[in-house]
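Working notes, structure below.
Numbering (our numbering), first residue to last: 30 to 103.
Below you can see the structure in the form of structure tokens.
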């Protein structure tokens with residue numbers, strides 16, 4: 030059967046995203062440097078899981094911060 034995704038799956042994804050955002054905001058209150066490190070580690074893990082495809086969709090500054098790319102020389 031084809032058609033739109035069940036709303037239950039979309040709602041669960043939205044709930045997961047909201048929970049992740051809340052956790053990151055809680056971390057940000059503690060120490061922004063820690064949050065930056067956590068985000069870099071998450072992005073690196075997601076990039077590995079995607080076979081390196083995620084980095085193509087990230088701005089250079091984020092790729093560099095996450096250790097996915099070396100800074101370009103201007």
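Built from N, CA and C at the ideal position, the CB exists for glycine as well.
Since we're looking at a predicted model, the values are computed, not measured.
Where residue i and residue j are concerned, what is the direct C-alpha to C-alpha distance, given to the nearest angstrom?
i	j	result
residue 98	residue 67	17 Å
residue 30	residue 79	In this prediction, residue 30 has a pLDDT of 48, which is less than 50 and means its spatial position is unreliable; nothing more can be read from the coordinates.
residue 96	residue 86	15 Å
residue 48	residue 90	26 Å
residue 71	residue 50	13 Å
residue 58	residue 44	21 Å
residue 46	residue 102	35 Å
residue 82	residue 42	21 Å
residue 92	residue 55	24 Å
residue 61	residue 88	20 Å
Return yes when the Cβ of residue j is within less than 7 Å of the Cβ of residue i, no when it is not.
i	j	result
residue 69	residue 94	yes
Is residue i a contact residue of the ligand NAD, with contact defined as CB to any heavy atom under 6 Å?
i	result
residue 89	For the ligand NAD, the structure offers nothing, since it holds no ligand at all.
Assuming the contact rule is C-beta atoms closer than 8 Å, residue i and residue j should be a hit. Round their C-beta distance to whole Å, please.
i	j	result
residue 53	residue 64	6 Å
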